[in-house]
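Undergrad: Before anything else, here's the structure in question.
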Amino acid sequence: QLDEYVSSVPFIRRLDGLILMSVRLTPEQRRYLLDSGMETMMVDCEDTAFSSVVSDDYQGGMIAADLFVKKGYFPCAFIGDKNRDIAYSLHPSDVRFNGFLDQLKKSGQTVNEAYILETDTEVEDTEKCIGHFIDSGKPLRAIFAMSDLQAIGAVRAIRSRGLRVPGDVAVLGFDDIDASGWMEISTINQHLAESGRVAASLLSERIAHRDEPHVVQKINLQVTLVERGTT
Numbered sequence: 718q719l720d721e722y723v724s725s726v727p728f729i730r731r732l733d734g735l736i737l738m739s740v741r742l743t744p745e746q747r748r749y750l751l752d753s754g755m756e757t758m759m760v761d762c763e764d765t766a767f768s769s770v771v772s773d774d775y776q777g778g779m780i781a782a783d784l785f786v787k788k789g790y791f792p793c794a795f796i797g798d799k800n801r802d803i804a805y806s807l808h809p810s811d812v813r814f815n816g817f818l819d820q821l822k823k824s825g826q827t828v829n830e831a832y833i834l835e836t837d838t839e840v841e842d843t844e845k846c847i848g849h850f851i852d853s854g855k856p857l858r859a860i861f862a863m864s865d866l867q868a869i870g871a872v873r874a875i876r877s878r879g880l881r882v883p884g885d886v887a888v889l890g891f892d893d894i895d896a897s898g899w900m901e902i903s904t905i906n907q908h909l910a911e912s913g914r915v916a917a918s919l920l921s922e923r924i925a926h927r928d929e930p931h932v933v934q935k936i937n938l939q940v941t942l943v944e945r946g947t948t
């Protein structure tokens with residue numbers, strides 16, 4: 718579908734600018750957008766050809782590690798996104814894990830390879846994965862999930878086995894979607910609404926000065942810890 722949009726001349730002609738969120742462009746798509754002359758802004762993804770507004774995923778991983786070290790949450794598991802290598806997917810999972818692991822190592826901690834898990838970014842798939850992990854009998858004190866939906870799935874798996882959250886197993890998500898607030902999920906807030914506002918402002922400014930030389934910018938927004946009832 719993305720190919721159809723970016724290669725559609727009528728589509729391009731109707732727009733002054735385009736904001737792409739969580740999308741990785743193919744070389745062909747990148748070239749088409751550049752040749753079209755349409756102002757393009759990336760949100761929550763990066764491309765060397767276009768300006769972008771991104772959250773500091775590495776910092777988010779570091780924040781999670783600091784929390785686990787502070788509370789002694791070991792051994793811990795990491796839930797990544799198994800779809801991160803397909804076309805058009807975002808790759809924050811690896812960046813967050815790198816920040817998490819690097820910060821843990823500073824305190825003499827790490828994540829055992831057997832505790833590095835991958836699921837779809839859906840509640841049900843994560844619930845099933847964590848359920849199998851708990852049933853395997855491996856000791857587990859905490860989980861750092863790459864999305865709040867995965868965190869919700871983990872919480873469901875833990876509680877369905879009669880375990881307490883966070884008393885037996887703590888869970889930390891990432892995103893701070895509305896559902897995480899309703900369910901009291903601790904998370905890392907990446908301020909996506911602010912990302913959208915900043916991107917829209919930059920794009921509007923660029924459209925207003927489209928005849929001036931274009932300088933590619935990268936705006937890196939800080940993330941923050943939101944502690945609730947699961948840590």
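Numbered per this note's numbering, the sequence shown spans residues 718 to 948.
Backbone N, C-alpha and C fix where the C-beta goes; we use that ideal spot for every residue, glycine too.
#1: Indicate whether ILE902 and THR947 have their beta-carbon atoms separated by less than 8 angstroms.
#2: Pair every Cβ in the stretch 867-884 with every Cβ in the stretch 851-859, then say whether three or more of these pairs are closer than 8 angstroms.
#3: Tell me, which residues are paired with ALA831 by DSSP?
#4: Would you please state the rounded distance, in angstroms, between the beta carbons of SER912 and VAL740? I believe it to be under 8 angstroms.
#5: Given a threshold of 16 other Cβ atoms within 10 Å of its Cβ, counted over all protein chains shown, does ILE796 qualify as buried or as exposed?
#6: Examine chain C for any beta-carbon lying closer than 8 angstroms to the beta-carbon of PRO883, and answer yes or no.
#7: What residues in its chain sit with their C-beta under 7 angstroms from that of PHE767, if we drop five residues either side in the sequence?
#8: Based on Cα-Cα distance, which residue from LYS787, GLY816, PRO792, LEU737 lies nearest to ASP949?
#9: What does a CB cutoff of less than 8 angstroms around GLY734 pick up in its chain, not counting 5 residues either side in sequence?
#10: Return the first residue and the last residue of the alpha helix (DSSP H) that CYS846 is part of.
#11: Spatial neighbours of ALA859 within its chain, please: CB distance less than 6 angstroms, with the 5 preceding and 5 following residues excluded, ordered by chain position.
#12: Nearest to THR827 by alpha carbon, out of GLY778, ARG878, ASP837, THR843?
#13: Specify, as a first and last residue, the run of the beta strand (DSSP E) that LEU920 falls within.
#14: Per DSSP, what kind of secondary structure is ALA804 in: helix, strand or coil?
#15: Tell me whether PRO883 is buried or exposed, calling it buried when 16 or more other Cβ atoms sit within 10 Å of its Cβ.
TA: Taking the structure as given:
#1: Less than 8 angstroms separates the beta-carbon of ILE902 from that of THR947.
#2: yes
#3: According to DSSP, ALA831 bridges with nothing at all.
#4: Between VAL740 and SER912 the Cβ distance is about 14 angstroms, and since that is not below 8 angstroms, they are no contact.
#5: That one is buried.
#6: In the structure shown, chain C cannot be found, because there is only a single protein chain.
#7: The residues are THR757, MET758, MET759, VAL933.
#8: Residue 949 is absent from the structure shown; the chain starts at 718 and stops at 948.
#9: MET755, GLU756, THR757, MET758, LEU920, SER921, ARG923, ILE924
#10: 840-852
#11: Hits under 6 angstroms: PHE785, TYR790, CYS793, ALA887.
#12: If you compare the alpha carbons of GLY778, ARG878, ASP837, THR843 with that of THR827, the shortest gap goes to GLY778.
#13: It is not in any beta strand (DSSP E) - LEU920 instead sits in the alpha helix (DSSP H) that spans 909-925.
#14: Residue placement at ALA804 is flagged as unreliable, the pLDDT there being 43, under the threshold of 50; the coordinate-derived value follows with that caveat. If DSSP states are grouped into helix, strand and coil, ALA804 belongs with coil.
#15: With 16 or more other Cβ atoms within 10 Å, it is buried.
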